[in-house]
Every structure is written in structure tokens, then in C-alpha cells.
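A.B. asks: Going by this note's numbering, the residue at position 90 of the sequence shown is 106; the numbering climbs one at a time, nothing skipped.
Glycine included, C-beta positions come from ideal geometry on N, C-alpha and C.
No experiment lies behind these values; they were computed from the predicted model shown.
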Amino acid sequence: LQQPAFPTIYSVSALCWEISLSDMLHAYAWSFLENQVSAVMKTVPLGQVAGQRILSELAMTLPALVDQAMQLPDDDIQNFCPALSIAGCRHETQYSRLFRS
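(1) The alpha helix (DSSP H) spanning L71 covers which residue range?
(2) Rounded to whole angstroms, what is the Cα-Cα separation between M76 and A99?
(3) Run the CB neighbour count on V82, radius 10 Å, all protein chains shown included, and call it buried at 16 or more, exposed below.
(4) Please classify L41: is it buried, with 16 or more other beta-carbons within 10 angstroms of its beta-carbon, or exposed?
(5) Can you tell me where the alpha helix (DSSP H) holding C32 begins and where it ends?
(6) Below 8 Å on the Cβ atoms is my contact criterion, and I expect A45 with L78 to pass it. Report the Cβ-Cβ distance as a whole number of Å.
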């Protein structure tokens with residue numbers, strides 16, 4: 017059996033714990049944004065205060081974005097980022113990596 021992807025486990029956990037779709041999407045989006053801001057703070061000269069300021073601003077727009085996403089018909093939802101996938105593959109074999117897992 018292939019190991020499931022994180023979003024799959026996240027959504028199944030929310031279903032098992034009877035967390036509403038809206039609450040689950042808000043939490044998932046927030047954790048994604050928080051991780052992105054954390055990565056930016058490590059890669060550019062951006063202090064913690066500036067990072068928290070960015071998160072505060074994002075927190076104001078997040079509810080509207082989640083609501084908008086929930087209104088999209090299934091045919092309009094997609095994830096097509098070939099350049100991001102290629103960059104991720106190249107990052108794996110770089111000599112100097114910023115984040116090691």
C-alpha cells in the first residue's frame with residue numbers, strides 16, 4: 017500500500033473528528049501560510065516581527081479566500097504547477113540545501 021499524501025490524511029482526520037469542512041480548510045490554509053512565512057524568514061533577512069506582521073495581514077484575508085474556494089465548482093479546482101515540481105526535483109539533489117528532511 018502506497019503511503020497517502022498529507023492532504024489526504026488531514027482530510028480523513030477531520031472527517032473522523034467531525035470537523036466541519038470550513039474549519040478544516042481554514043486550519044489547513046493557515047498551517048500552509050505559516051510554513052511559507054517561516055521559510056521566507058529563514059531565506060531572506062526578515063525578522064520575526066515582520067513575519068508575524070505578514071501573518072496578521074494574511075489572517076485578515078484568509079476567511080474570504082477559503083469561502084471563495086468553497087464556492088468553486090469541482091471542474092474549476094486544479095493544481096498545475098510544473099515549474100514548482102521541476103524546482104522541487106532540482107532542490108533534492110543540490111549540494112547546499114536550505115531545509116533538510
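C.D. replies: Quick look at the numbers:
(1) On the sequence shown, residue 71 is found 55 positions in, with the first residue counted as 1. Q64 to Q87 is the extent of the alpha helix (DSSP H) around L71.
(2) Sequence index remark: in the sequence shown, residue 76 carries index 60 (1-based). Sequence index remark: in the sequence shown, residue 99 carries index 83 (1-based). Straight-line Cα distance between these residues: approximately 29 Å.
(3) Translated into positions along the sequence shown, residue 82 becomes position 66. Answer is buried; the Cβ neighbour count reaches 16.
(4) Taking the first residue of the sequence shown as 1, we reach residue 41 at position 25. With 16 or more Cβ atoms within 10 Å of its Cβ, L41 is classed as buried.
(5) Here residue 32 corresponds to residue number 16 of the sequence shown, with the count starting at 1. It spans F22 to C32 - the alpha helix (DSSP H) in which C32 sits, taken as one unbroken run.
(6) Translated into positions along the sequence shown, residue 45 becomes position 29. Translated into positions along the sequence shown, residue 78 becomes position 62. About 6 Å separates the two Cβ atoms, so the contact holds.
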